[in-house]
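Data first, discussion second: the structure below is written as structure tokens.
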Amino acid sequence: MSAHGTPIPMTSDRAGPLRGTADVPGDKSISHRSLILGAMAVGETKVTGLLEGQDVLDTAKAMQAFGAGVEKRGDTWHVQGVGVGGFAEPDQVIDCGNSGTGVRLIMGAMATTPIAATFTGDASLNKRPMARVTEPLALFGARACGRSGGRLPMTILGARDPLPVRYTTPVPSAQVKSAVLLAGLNAPGETVVIEREATRDHSERMLQGFGATVITEKTEEGHVITLTGQPELKPQTIVVPRDPSSAAFPVCAALIVEGSDVLVPNIGLNPTRAGLFTTLREMGADLTYENERTEGGEPVADLRARFSPDLKGIEVPAERAASMIDEYPVLSVVAAFAEGKTHMPGVKELRVKESDRIDAMATGLRAAGVSVDEGEDWWTVQGRGFGDVPGGVTVQSHLDHRIAMSFLVLGMASNAPMTVDDGGPIATSFPIFEPLMAALGARIQRA
Ligand code: S3P
């Protein structure tokens, strides 16, 4: 959907090989956190490389509503922080658009300050479960009142005298972990989050960068993260690395489009995010890491992806799911062009993303001529091998950017074009997707 609510149908078809360099935008997770932590620091944080997708722009607006200064000058975003506990009460409803990360992290950040805020979002976000954050936030003393099933719109009343919390996350979710840690910032003493499976650790790394004390230990219980409350966060200069989840699209397209050779430079390969690339290599993808280095404490490399006609279906280990949770839709497209089955277990969380991603992909893949089996927390794609995926249908993106981009990638290699009913949501995370793919040689047209 466009910003005005009109669907934007998009069609991709087989073009020549994809060649060249793909400069993908900044990391969405790190961009949200830069703005939120910048707003909670004392003084001015400067951010370059920020993802200027709608999700992050909505978080920028929200931080302004809570009293922080957020302004872009030249290429740099300047965030004038109000300090931990310094948020003002917004005088308008906070609209987080399509962004689960935005709303859940901001709820956490304001939950231990005695103010009220009402949150809403688009039709996708207003269906997603919020109890997973409001339950731990209640332990700090915050109160939530929303629609049935813990859905937005929802008002949070922040705790006046917050207590520190010890909380084991019931689902593998970096958003839940981060909401608890951000709430813990304005609670006295130590807030502890325990997660059985490690999820992306950007909040922990960035909190340390801003001067908070955060210790992670691996114990029998799982990963135990301890935050010391009420620090003074020191403003930072942040260079946002590029997003591996966005890199996934040109990388996967190059693997399945004949004759392709694409370089995707400067991609963060934090192990809590890079599971897709490991999986693709296990499938036999010609995917190499060039110029491997460390930047800002994160492993970074240039990815080179070349056409790979002999991909094999594999069993994707369930324990890898958290490190590639956003990449299953596009992996399922690559799996359609592989020989044999790709089985993806341990992925129940896919059912509560911007859409039910198992259902959205399975329905569209089947329409495009690919067999898919599914259960509540697993799915299997029966690969057809290179050159044998029919395509030629219109599928629904369900207000989900990654569903839209995945089917457009499929259309670049299927026998007949693929149309998505609405490519508008792509602007939430990858606003330059169309020109970037076109510059590589892809053909995406708006109807
Ligand atoms: C994110 C965490 C993940 C991911 C989302 C970004 C984050 O969600 O799907 O795109 O920045 O913390 P969950 O925490 O719900 O798994």
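According to the numbering used here, the sequence shown is numbered sequentially starting from 1.
We treat Cβ as the ideally placed atom computed from N, Cα and C, and that holds for glycine.
- Rounded to the nearest whole angstrom, the C-alpha separation of Thr45 and Tyr289 is 32 angstroms.
- Taking Gly375 as reference, the option from His343, Gly97, Lys127 and Thr48 with the minimal CA-CA separation is His343.
- Look at Thr216: its beta carbon is at least 8 angstroms from all of the heavy atoms in the ligand S3P.
- Counting only unbroken stretches of 3 or more residues, the beta strand (DSSP E) elements lying wholly within the stretch 248-280 are 261-268, in sequence order.
- Of the heavy atoms belonging to the ligand S3P, at least one sits nearer than 8 angstroms to the Cβ of His32.
- Of the candidates Asn98, Val70, Pro136 and Arg443, the residue whose Cα lies closest to the Cα of Thr428 is Asn98.
- At a threshold of 8 angstroms, Gln236 does not count as near the ligand S3P, since its beta carbon sits no closer than that to any of the ligand's heavy atoms.
- Beyond the five residues adjoining it in sequence on each side, Ala254 comes within less than 6 angstroms, by CB distance, of Leu18, Ser260, Val262 and Ala305 in the same chain, given in chain order.
- Rounded to the nearest angstrom, the gap between the Cα atoms of Gly387 and Ser308 is 12 angstroms.
- Between Leu163 and Leu181, the alpha-carbon positions lie close to 13 angstroms from each other.
- DSSP places Glu195 in the uninterrupted beta strand (DSSP E) bounded by Glu190 to Glu195.
- In terms of CA proximity to Val347, Arg357 leads the group Arg200, Thr394 and Arg357.
- The stretch 299-341 contains no complete beta strand (DSSP E) run of 3 or more residues.
- Residue state for Ile8 is assigned as coil, using DSSP reduced to three classes.
- With respect to the C-alpha of Ile432, the residue from Ser29, Gln54 and Leu185 having the closest C-alpha is Gln54.
- Inter-residue distance for Leu399 and Gly146 is about 22 angstroms (C-alpha atoms, whole angstroms).
- Between Gly392 and Ser406, the gap from beta carbon to beta carbon reaches 9 angstroms or more.
- Here Val42 is actually not in contact with Val79; their C-beta atoms are around 12 angstroms apart, not less than 8 angstroms.
- Going by C-alpha positions, Val381 is about 40 angstroms away from Ile215.
- Here the distance from the Cβ of Ile36 to the nearest heavy atom of the ligand S3P is not below 8 angstroms.
- Using a Cβ-Cβ distance cut-off of 8 angstroms, the stretch 295-304 and the stretch 325-332 are not in contact, since fewer than three pairs of beta carbons, one from each stretch, lie closer than that value.
- Taking the C-beta atoms as reference points, Arg196 is found no nearer than 9 angstroms to Pro235.
- If you compare the alpha carbons of Phe210, Ala247 and Leu280 with that of Pro265, the shortest gap goes to Ala247.
- Runs of the beta strand (DSSP E) spanning 3 or more residues and lying entirely within the stretch 398-434 occur at 418-420, in chain order.
- Partner residues in the beta bridge of Lys72, as assigned by DSSP, are Trp77.
- In terms of side-chain proximity, the C-beta atom of Val352 is found nearer than 8 angstroms to a non-hydrogen atom of the ligand S3P.
- Of the candidates Gly149, Gly296, Leu331 and Asp122, Leu331 places its Cα closest to the Cα of Gly313.
- Here Ala144 carries a strand assignment [DSSP, helix/strand/coil].
- The straight-line gap separating the alpha-carbon atoms of Leu152 and Leu125 is approximately 8 angstroms.
- In this structure, Ala367 sits near Val395, with a CB-CB distance shorter than 9 angstroms.
- Going by DSSP, Thr199 is part of no beta strand (DSSP E) at all; its letter is neither H nor E.
- In summary, Val133 is buried, with 16 or more beta-carbon neighbours lying within 10 Å of its beta-carbon over all protein chains present.
- Proximity of the beta carbon of His398 to the ligand S3P is not indicated: no heavy atom of the ligand is located closer than 8 angstroms.
- Assigned with DSSP and collapsed to three states, Arg384 falls in strand.
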